[in-house]
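Order-wise, the sequence lines are chains Z and B.
According to full-length UniProt numbering, the first sequence is numbered sequentially starting from 1.
According to full-length UniProt numbering, the second sequence is numbered sequentially starting from 1.
Glycine included, C-beta positions come from ideal geometry on N, C-alpha and C.
Notes follow the structure.
There are 2 protein chains.
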Amino acid sequence: MKVLVVGANGQIGKHLVTFIQESENVEAKAMIRKEEQASFFKELGAETVVVDLEDDIETIAKATEGVDAVVFTAGSGPHTGPDKTVMIDLDGAVKTIEASKAAGVNRYVMISSFDTTREAIQSAPESFAPYVVAKHYADVWLRDTDLDYTIIHPGRLNNEDGTGQVEAASTVERGEIPREDVARVILASLEDQTTIGKEFQVVAGDKSVQDAIQSL
Amino acid sequence: MKVLVVGANGQIGKHLVTFIQESENVEAKAMIRKEEQASFFKELGAETVVVDLEDDIETIAKATEGVDAVVFTAGSGPHTGPDKTVMIDLDGAVKTIEASKAAGVNRYVMISSFDTTREAIQSAPESFAPYVVAKHYADVWLRDTDLDYTIIHPGRLNNEDGTGQVEAASTVERGEIPREDVARVILASLEDQTTIGKEFQVVAGDKSVQDAIQSL
Numbered sequence: 001m002k003v004l005v006v007g008a009n010g011q012i013g014k015h016l017v018t019f020i021q022e023s024e025n026v027e028a029k030a031m032i033r034k035e036e037q038a039s040f041f042k043e044l045g046a047e048t049v050v051v052d053l054e055d056d057i058e059t060i061a062k063a064t065e066g067v068d069a070v071v072f073t074a075g076s077g078p079h080t081g082p083d084k085t086v087m088i089d090l091d092g093a094v095k096t097i098e099a100s101k102a103a104g105v106n107r108y109v110m111i112s113s114f115d116t117t118r119e120a121i122q123s124a125p126e127s128f129a130p131y132v133v134a135k136h137y138a139d140v141w142l143r144d145t146d147l148d149y150t151i152i153h154p155g156r157l158n159n160e161d162g163t164g165q166v167e168a169a170s171t172v173e174r175g176e177i178p179r180e181d182v183a184r185v186i187l188a189s190l191e192d193q194t195t196i197g198k199e200f201q202v203v204a205g206d207k208s209v210q211d212a213i214q215s216l
Numbered sequence: 001m002k003v004l005v006v007g008a009n010g011q012i013g014k015h016l017v018t019f020i021q022e023s024e025n026v027e028a029k030a031m032i033r034k035e036e037q038a039s040f041f042k043e044l045g046a047e048t049v050v051v052d053l054e055d056d057i058e059t060i061a062k063a064t065e066g067v068d069a070v071v072f073t074a075g076s077g078p079h080t081g082p083d084k085t086v087m088i089d090l091d092g093a094v095k096t097i098e099a100s101k102a103a104g105v106n107r108y109v110m111i112s113s114f115d116t117t118r119e120a121i122q123s124a125p126e127s128f129a130p131y132v133v134a135k136h137y138a139d140v141w142l143r144d145t146d147l148d149y150t151i152i153h154p155g156r157l158n159n160e161d162g163t164g165q166v167e168a169a170s171t172v173e174r175g176e177i178p179r180e181d182v183a184r185v186i187l188a189s190l191e192d193q194t195t196i197g198k199e200f201q202v203v204a205g206d207k208s209v210q211d212a213i214q215s216l
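Okay, structure coming up:
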């Protein structure tokens, strides 16, 4: 299985491409914004493709052709300006969804925010709300497609070493999770067809990633 | 017919409530953000309701109950920050659409931007693109409902006196239009059932508003 990792040069993305390249049956195609980001991925033996999420759907679809799955882990992040939130977290995400459809790639894994419900929008602090709105509409767009999607809602991200131990369910108590473990959860979701059509929150916990995913 | 005017205190909104109150068969309910904005509308004999577009759908639905149509002419405008673009032009619009459904109000007239197509997003200047994205997704959301909608795409707005003469069609050449004439076009659309399910661009031209609307 070949996986296009959108946002490969992000912190989760780099962990993910590393895990994918170490795995037996999966290989990564790293979608990056600048050619100078390529060396990290080339050293891992991963293919790279240079595309900007502000490019059009046709360009993104061309990068998507020939893979078996797309993972969206790009993010302007909640701390960039809301202009990039609109262009990347919402419109960039939707363009990769449309590009997947155009390229005939049915499997799509979205890295969302912990809670993108209407209630979460209403209760979000003012500075964070536009990010929640953007992620909300991207998730809605994906649910509305016929793609074999999985939507992962990780808790508050940190850069601690991963433990490989998580808790995952439709809703879990708010908590943190190392980015490294989010990357493990993504790979496990790609490798487990039972995650298709599901979405779940995930935080640090006491189950192995595989067990947590299987018991969803 | 009673019409909830969302964004009544905006420049188009004030013209619209004025025209509505002068008309025979229509009356306005002005949705405003602050009580101190009410006097303008009370002098016109229009009902007012104080609701913020960042309130929740239930609150907006309550303001929507009992009217026959909703007009969305609120706008953070392209010159406010992109955070408000997300919260008002996208999420605020969607919440009024959902509120209309919840309140059982089937008629909905959206004042969109001149061109909200995918192509317009791709070709927009960087500072304007988030606004086009927000209006794009609000329009998509509306088209996807069963509401009796009309989507109006006015050209570049100016504050000249209206002439009552416009050009309207699915696509017209880019041009300007006085806000006063946009308000006339909205009222004419509300009064002409043949505009249901249609969307059109409109700029200054040489047809009467009624003729232009009828020949769509």
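DSSP-derived helix/strand/coil call for residue i
| i | result |
| --- | --- |
| S123/B | helix |
| F72/Z | strand |
| V209/Z | helix |
| I1/Z | With the sequence shown as reference, residue 1/Z is identified as Met, and Ile is not the correct amino acid for it. Three-state DSSP puts M1/Z in coil, outside helix and strand. |
| I97/Z | helix |
| A204/Z | strand |
| I88/Z | helix |
| V105/B | coil |
| I196/Z | coil |
Cutoff 8 angstroms: residue i Cβ touching any chain Z Cβ
| i | result |
| --- | --- |
| I60/B | no |
| I121/B | yes |
| D56/B | yes |
Per-residue burial, residue i [other beta carbons within 10 Å of its own, 16 or more giving buried]
| i | result |
| --- | --- |
| S100/Z | buried |
| P154/B | buried |
| M31/Z | buried |
| R156/B | exposed |
| K34/B | exposed |
| M1/Z | exposed |
| E176/B | exposed |
| N9/Z | buried |
| P130/B | buried |
| Q193/B | exposed |
| R184/Z | buried |
| S76/Z | buried |
| P178/Z | buried |
| K135/Z | buried |
| S170/B | exposed |
| T96/B | buried |
Short CB-CB distance (under 8 angstroms) between residue i and chain C
| i | result |
| --- | --- |
| D146/B | No chain C is part of this structure, whose protein chains are labelled Z and B. |
Any non-hydrogen atom of the ligand NAD within 7 angstroms of residue i CB
| i | result |
| --- | --- |
| I88/B | The ligand NAD is not part of the structure shown, which contains no ligands of any sort. |
Listed in chain order, which residues of the region 126-156 of chain B have Cβ atoms closer than 7 angstroms to some Cβ of chain Z?
Against chain Z - using a Cβ distance shorter than 7 angstroms - the residues of the region 126-156 of chain B are A129, P130, V133, A134 and Y137.
Near-chain Z residues of the region 72-98 of chain B (beta-carbon distance less than 9 angstroms), N- to C-terminal order:
Result list: G81, P82, D83, K84, T85, V86, M87, L90, D91, V94, K95 and E98.
Chain Z contacts from the region 195-214 of chain B (Cβ-Cβ distance under 9 angstroms):
Answer set for the region 195-214 of chain B: empty.
Can you check the region 137-182 of chain B for any beta strand (DSSP E) of at least 3 residues that lies completely inside it and give the ranges in chain order?
Qualifying beta strand (DSSP E) stretches, in chain order: 148-154, 156-158, 165-169 and 176-178.
Quick check for students: name the residue ranges of the alpha helix (DSSP H) that lie wholly in the region 16-81 of chain B, counting only runs of 4 or more.
Counting only runs of 4 or more, we get 38-43 and 57-64.
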